[in-house]
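In the working numbering, the protein residues as written are 770 to 856. Backbone N, C-alpha and C fix where the C-beta goes; we use that ideal spot for every residue, glycine too. So the structure is just underneath, and the comments pick up after that.
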């Protein structure tokens, strides 16, 4: 499993990849409320978190991947918020 808990009492988890087979191991992180997703797809086990945050650069490939995840989250019936933070 490749994720890193920021601190023992942290309510945030960062991920670059959570294999589907490892998603059930997220029970050990029951206190984490926020997933900061850097994975190119929809992370498995996302329903275990109150929020999933994503940072998407202006790179065309990242924008396209972000739009795909946005559509997937919407199809799952999740409440979505989109914030443009460009300079």
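Margin query: Tell me which residue opens and which closes the alpha helix (DSSP H) that residue 832 is part of.
Written below: 829–844
Item checked: Closest residue to residue 831 among 806, 801 and 800 (Cα-Cα distance) -> 806
Item checked: Cβ neighbour criterion (16 or more within 10 Å) applied to residue 849 -> Classification of residue 849: exposed, given that the 10 Å Cβ count is below 16.
Notebook entry, point to check: Taking buried to mean at least 16 other C-beta atoms within 10 Å of its own C-beta, is residue 804 buried or exposed?
Noted result: buried
Notebook entry, point to check: Do residue 835 and residue 825 have their C-beta atoms closer together than 7 Å?
Noted result: yes
Check: Can you tell me whether DSSP reads residue 779 as helix, strand or coil?
Finding: For residue 779, the pLDDT reaches just 46, beneath the cut-off of 50, and the residue's location in the model is therefore unreliable, leaving the point undetermined.
Check: Which residue or residues does DSSP assign as beta-bridge partners of residue 823?
Finding: 806
Checklist line | Spatially closest choice to residue 845 from 854, 816 and 828, by CA coordinates | finding: Ranked by how close their Cα comes to the Cα of residue 845, the residues 854, 816 and 828 have 816 in first place.
Item checked: Coarse secondary structure for residue 815, derived from DSSP in three states -> helix
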